């Protein structure tokens, strides 16, 4: 059942306070409400109970208005980017690290696609997130971020709800033919590839092809 949001900022603030329960579902609800409250600037319309003064900024609202740690709040907001069903299946920690991993991929993943990803492991292989511990999921994120390790994803056929495969249009072919990939090594010795001059009209197809063909991740 979808969440219902209050019509006034004060009423929604009370909903946020009630969501501070120690369950996975409550954490997801709190993250979802905070995401919306931040996006709609609702926090600017409520005041501090003790002084009646407005909150200085978003983090001040989190600390004093909601009485939740800033890092915890942002963690729950990240988790809320996926549907509740995924959080209930994986738990808070694995869901959080899966979100961090998908933030690094060159393709925007749906929840279904994210669950199908094979994440990198320390032994040089990959593993489905469903089979990982929270510690392994965190390690997968660090391998992707620090070493540029790619994920593996199953084929996404058309007509099954997945994203359509990239189109090899003339514009895409011309971009690849112009050698717009620039490999280099950073000061830590990590191999990187710069992707240059991607046309907006073909960006989705180009990045999808880079992800599926080369396993590139966003820097």
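In this note's numbering, the protein residues as written are 6 to 224.
Virtual Cβ for every residue (Gly too), placed ideally from N, Cα, C.
Note that the structure is predicted; figures quoted are calculated from it, not measured.
*asked:* Going by DSSP, what residue range makes up the alpha helix (DSSP H) through residue 100?
replied: Looking at the DSSP string, the run of the alpha helix (DSSP H) that includes residue 100 is 97 to 109.
- prompt: At which residues does the beta strand (DSSP E) containing residue 123 begin and terminate?
  reply: In the DSSP assignment, residue 123 falls within the unbroken beta strand (DSSP E) covering 123 to 125.
Exercise for the section: Please name the residue or residues paired with residue 157 in a DSSP beta bridge. Expected result: DSSP output for residue 157 lists 123 as bridge partner(s).
Legend entry - Three-state class that DSSP yields for residue 80 in the structure shown: Residue 80: helix per DSSP, three-state reduction.
| field | Below-9 Å beta-carbon distance, residue 53 vs any chain B residue | value | Looking at the structure shown, chain B is missing, and only one protein chain is on hand.
Query raised in the report: Could you give the distance in angstroms between the alpha-carbon of residue 297 and the alpha-carbon of residue 92?
Result: Only positions 6 to 224 of the chain appear in this structure, which leaves residue 297 out of reach.
Item to check | alpha helix (DSSP H) segment containing residue 132, residue limits | outcome: Unbroken run through residue 132 is the beta strand (DSSP E), 131 to 133; no alpha helix (DSSP H).
Local conformation of residue 56 per DSSP, three classes
Three-state result, residue 56: coil.
Problem - Collapsed DSSP secondary structure at residue 1 in the structure displayed - result: Nothing can be reported for residue 1, as the shown portion of the chain is limited to 6 through 224.
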